[in-house]
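What follows is a short report on a single structure.
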Amino acid sequence: MKKLAVYLLFLSLTYSYSAIPEYMLIEGFTPETKHTHCESGCCSQKYDFNDNATLQSIYPRKNYDVLTYDLSIDLSYFLFKADMDNENLDTLFAPGKQKITLKIDSNDVNSFIIDAVDLTIENINILSDYTSDNFSYEIKEQFIQFNSKIILKAGDIINIEIDYNIHRAFKRGIYFYGRNTSEQNLGSEPIIYTQSQPTNTKYWMPCNDAPYDKAITSVTITVPSSFTALSNGNLDSIKYSEVDDIILETYYYSHDKPLSPYLTTVVASKYSSFEQYYQRVTNPLDTVVFTNYMWDIDLNPPTGHPYNGRFYLRNQPNMMAVYASLFGEYTFDKYGTVAVFPYMFGGMEHQTLTTIHRNWLRRFSETGLTHEIAHHWIGNLLTCASWNDIWINEGGATWFEALWYEAANQDGTFYYNHLLGVANAYFNRPNKAEFAVYGVPESQVFIQTHITYLKASWVYHMLAELVGRDYFFQVMHDIFEGNKFRSVTTEEFIELFKLHIQNPKMDLDLYFSQWLYGKGHPIYRINAEFPDNNPDKYEYDVFISQVQDPEQSYQEVYEMWIDILFLDDNDNLLKSESVYNNSRNQKFSFEFDFPVQKILIDYRKVLCEIEEFVVSVSDNRISKAKVRIAPNPALSGESINLFYDNDVNITRIKIFDLTGNLIYQKDGNSLNQINFALPQGFYIAEFRTKYGIIREKLIIN
């Protein structure tokens, strides 16, 4: 009886993720829980996705559109004190002024709110086409409510100036640190930086703290002259002043591309920097300057110092070139990184100036670095409209990581290995089917990262496999090109795919319904049989069952194309067949001119689990394929003859010792003799025939 082995295809799983990806969480830090402040309670509602209905975003939009932010913030007093003395820093504060220009986008408006939390509001001025006497405001716990005596209409422009203070003690959204004594010998310096994702911008500047509302932003930062101040966009000028014999510098930044509030950054410390250069793939004469900021000891490390910024950041321009080649040119004028410490996360894609953990300067963190550069396409150029849609950003950037590894190594196996590592981390989580990719609660989006990052990356990958990777790259390129600086909901993103993907192999509404709004993934069981209906052909019936439990939040059936691979006894691919699996139990029949030894499900193409087992399959024809060895036993050096019916046709002979070592091999046609002086011992003779592999014992005396 012939044994047909049915295998699960495993590639090396070289990556291991924790609950939060390695590049996002640094050891020794506990992620802070991200809280929502939606007073209506909309963000804590539970939704039933079992009907696979296309849902509208549950995040309400405000009744205006912010056009510009013009922020001024004075960090000089805190930094001066922290530079002199680490004590009593919690009593310090930083004054700020926020100028907001907004446009009412609804009719019949008599009030609107600006998000602001834990800020001491000193003064508010309101300017508009109407007199300021027509407006009043109320400072609430989570926002400032502006009331108008006149009914506002769509298109009305309102300018607001808010003077306020940020208190260091609150430690949310913006972080103030003196010199870290535990790292004193490693050259740490006083530092202030912001980290706002998802909705912590309002803790350090009044704003509409929602990702859908992008605005042109300028930032002015005042610091002592020994410090460097950083923000998004271009540094237009530095002005000097003197207060109480302290020389101050005021940095003026402007950015002509709109950005979401959470992507706004303010950083100040004693920095040195070095530059890198990316030559645009569309115009090599045009160069994008990368400016990377870090403490001087990390840029010019003494012997034995563990940090080395130049070395560990060296591949960044190449990463940008890969993504520009695939998805369209880098849109912004500059790029850079700024290293901070202490830091809860690994990196944050602040537009044009990525914040990274200092530890990335002392170890290879290519996954994190390329992830943050990727966000300047998927996350910054095109942004999720709400935190329900965060999978767009994080799943996309995680998928981009695999593309970098493939390009860097010029080997497609690196692409699949990276994604299989991502899948492995997802499968290792106990609550895989608790959440759908769409609609993870805001408080959980950076906790359930196996969903928002890992599973979400496979939504991109599987779609690329479904339509063809090169074609999918062009689709993504066209989406980016046609939707620059937009914020999109999941529903809008789906419509963009449906617009750009022509004649897909399966219904895209069904695809996204299963993988975005549905939970879990398919779990396959496979089996195979030989029908033996045609003596001149090799027939195989492959049975695929879906055995996931719908009562555990999995779907009854996941409809997907599956690649079945047929291999010979040397694991060479003989044939690949794609089948559409749309029921829990399904049979697929195949007919070939050649025998196969192994049947594999291509685990690289669909996010799935497979019950791994080997099945014995009866093949009636193999019993007719007899090979007789004579003499057996034989003497060493004696010719050994093979006797069989003509239609069996031996085309390969292999001789193995009992430890499995290959001793002898011969290929040909109608082979009928072994002419090889085998030493005394016991052997296994393996013959490849028309009907498959036949094995016999061989004894040499």
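Residue numbers (my numbering): 398 to 1098.
Positions of the beta carbon are idealized from the N, C-alpha and C atoms, including for glycine.
* To do: Grab me the residues of G706's own chain with a C-beta within less than 8 Å of its C-beta, minus the 5 sequence neighbours each way, in chain order.
  => F671, N689, M691, D695, L696, A736 and L758
* For D990, which residues from the same chain have a beta carbon less than 8 Å from its beta carbon, with the 5 sequence-adjacent residues on both sides left out? -> Correct list, in chain order: K934 and Y935.
* Is the Cβ-Cβ distance between E974 and F987 less than 8 Å? -> yes
* Through-space distance from V719 to Q673, alpha-carbon basis -> 16 Å
* To do: Leaving out five residues on either side along the sequence, give the residues of the same chain with a beta carbon under 7 Å from the beta carbon of G1078.
  => D1054 and I1097
* Asked: Which residue's Cα is closest to the Cα of F797: L750, D938 and Y850?
  -> Of all alpha-carbon atoms in L750, D938 and Y850, the one lying nearest the alpha-carbon of F797 is that of Y850.
* **Same chain, Cβ closer than 7 Å to E519, five either side skipped, listed in chain order** => D560, Y561 and N562
* What are the start and end residues of each continuous beta strand (DSSP E) run of 3 or more residues lying completely inside the stretch 475 to 545, in chain order? -> Segments of the beta strand (DSSP E) lying fully in the stretch 475 to 545: 490 to 501, 506 to 512, 516 to 525 and 532 to 536.
* Asked: Once you ignore the five residues that flank A794 on each side, which residues in its own chain have a CB closer than 7 Å to its CB?
  -> Cβ neighbours of A794 beyond the five flanking positions: H768, A771, H772, I775 and G776.
* To do: Compare the C-alpha of R1025 against each of R1092, K984 and P1076 and name the closest.
  => R1092
* Which of helix, strand or coil does DSSP assign to L1004? -> coil
* **Collapsed DSSP secondary structure at W658 in the structure displayed** => In the sequence under discussion, the amino acid at residue 658 is Pro, which differs from the Trp named in the question. The answer is helix: DSSP assigns P658 an H, G or I state.
* **Closest residue to I844 among F742, F869 and A804 (Cα-Cα distance)** => F742
* To do: In the DSSP assignment, find the unbroken alpha helix (DSSP H) run with W784 in it and report its ends.
  => Note, W784: premise wrong, no alpha helix (DSSP H); not H, not E.
* Pairwise C-alpha distance: S623 and K636 -> 14 Å
* **V819: first and last residue of the uninterrupted alpha helix (DSSP H) it sits in** => G809 to F824
* V686: buried (16+ other C-beta within 10 angstroms of its C-beta) or exposed? -> Burial call: exposed.
* Asked: Using 8 Å as the threshold, is the stretch 569 to 577 in touch with the stretch 476 to 494, meaning 3 or more CB pairs across them?
  -> yes
* Asked: In the DSSP assignment, what residue or residues form a beta bridge with V685?
  -> Answer by DSSP bridge pairing, in chain order: Y675.
* In the structure shown, what three-state DSSP assignment does M873 receive? -> Secondary structure at M873: helix, using DSSP grouped into helix, strand and coil.
* **Assigned exposure category for G438 - 16 Cβ within 10 Å defines buried** => Model confidence at G438 stands at a pLDDT of 29, short of 50, so the residue's coordinates are unreliable; what they give is reported in the following sentence. Classification of G438: exposed, given that the 10 Å Cβ count is below 16.
* Exposure of T886, with buried meaning 16 or more beta-carbon neighbours within 10 Å -> buried
* Asked: Between the beta-carbon of P919 and the beta-carbon of Y955, is there less than 8 Å?
  -> yes
* To do: Could you check which residue in F724, P827 and L905 has the C-alpha nearest to that of E878?
  => F724
* Determine the direct distance from the alpha carbon of K667 to that of G584, and round the result to whole angstroms. => 10 Å
* Own chain partners of D505 with C-beta closer than 7 Å, once the 5 adjacent residues on each side are dropped -> I548
* Quick one, which of L863, S1067 and T846 has its alpha-carbon nearest A820's? -> The candidate whose alpha carbon is nearest that of A820 is T846.
* Thinking C-beta only, is L1075 closer than 8 Å to S1036? -> No, these two residues do not count as a Cβ contact at 8 Å.
* Asked: In three-state DSSP terms, what is Q841?
  -> helix
* **Those runs of the beta strand (DSSP E) which lie wholly inside the stretch 945 to 992 and span at least 3 residues** => Runs of the beta strand (DSSP E) inside the stretch 945 to 992: 957 to 964, 970 to 978 and 982 to 989.
* **N-terminal and C-terminal residue of the beta strand (DSSP E) that F909 is part of** => F909 -> not in any beta strand (DSSP E); alpha helix (DSSP H) instead, spanning L905 to F909.
* **F1079 (DSSP reduced to helix, strand or coil)** => strand
* Asked: Would DSSP call K852 helix, strand or coil?
  -> helix
* Asked: Expressed to the nearest angstrom, what Euclidean distance is found between the alpha-carbon atoms of I959 and F708?
  -> Each residue's alpha carbon lies about 43 Å from the other.
* **Cut-off 6 Å between Cβ atoms - residues of its own chain near K494, not counting five sequence neighbours on either side** => S469 and D560
* S854: beta carbon under 7 Å from a heavy atom of the ligand FAD? -> Ligands in the displayed structure: none, and consequently the ligand FAD is not present.
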